[in-house]
């Protein structure tokens, strides 16, 4: 793994899931950040030989990506996926239960800028089936006013989102 910041334990399987930031300077649209899952001892997730599960990095060696554990979900390129959390609360509709929220801090050297949002990775049968925006708007064009860092769930089921750019903590709830 390269640059893992966020991790959480699946509330049912107790497996460790984590975000991993891909390296810079391999292109505007690659590699994607990753959402990975530990299922057994000794897994190797590819770094520095393979990025996003299918992008071989010939800088280091001629190893095939087939040798490594692929990500459960390839995220956007350079979105700087940081904090992640399984939702276990009861405030949001049932469709959010045991799904993954990810804080994307946002790209710093990509044009146009991307990330600067919360995303939702939906799981079914222990596998990622979709990756979609959940809350966005911290960037407009090439100008950002906030950068989400982490997500915490409150006892009432609402979410707290920290923002190290605006120096703020936001509360997201469902009515």
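In my numbering, the protein residues as written are 974 to 1148. Yeah, the Cβ is synthetic: ideal placement off N, Cα and C, and Gly gets one too.
Report back the beta-carbon spacing between residue i and residue j to the nearest angstrom; my notes put them in contact at under 8 Å.
| i | j | result |
| --- | --- | --- |
| residue 1004 | residue 1044 | Not really, about 10 Å apart at Cβ, beyond 8 Å. |
| residue 990 | residue 1008 | 7 Å |
| residue 1089 | residue 1077 | 7 Å |
| residue 1108 | residue 1091 | 4 Å |
| residue 988 | residue 1010 | 6 Å |
| residue 992 | residue 1075 | 6 Å |
| residue 1070 | residue 1115 | At roughly 37 Å, the Cβ-Cβ gap does not stay under 8 Å, so residue 1070 and residue 1115 are not in contact. |
| residue 978 | residue 1056 | 7 Å |
So what does DSSP say about residue i, is it helix, strand or coil?
| i | result |
| --- | --- |
| residue 1125 | strand |
| residue 1089 | coil |
| residue 1147 | coil |
| residue 1069 | helix |
| residue 1138 | coil |
| residue 988 | coil |
| residue 1081 | coil |
| residue 974 | coil |
Looking at residue i: is its Cβ nearer than 8 Å to the Cβ of residue j?
| i | j | result |
| --- | --- | --- |
| residue 1123 | residue 1135 | yes |
| residue 986 | residue 1062 | no |
| residue 1042 | residue 1018 | yes |
| residue 1112 | residue 1079 | yes |
| residue 1059 | residue 984 | yes |
| residue 1022 | residue 1014 | no |
| residue 1006 | residue 1048 | yes |
| residue 1000 | residue 1025 | no |
| residue 1147 | residue 1028 | no |
| residue 1144 | residue 1133 | yes |
Tell me, please, which residues DSSP counts as bridged to residue i.
| i | result |
| --- | --- |
| residue 1112 | 1117 |
| residue 1106 | 1092 |
Answer yes or no: the CB of residue i versus the heavy atoms of the ligand MN, is any distance below 7 Å?
| i | result |
| --- | --- |
| residue 1105 | Absence of the ligand MN is noted for the structure shown, with no ligands found whatsoever. |
At 3 residues or longer, and completely inside the segment 997-1067: list those beta strand (DSSP E) runs for me, N to C. 1005-1011, 1046-1050 and 1054-1059
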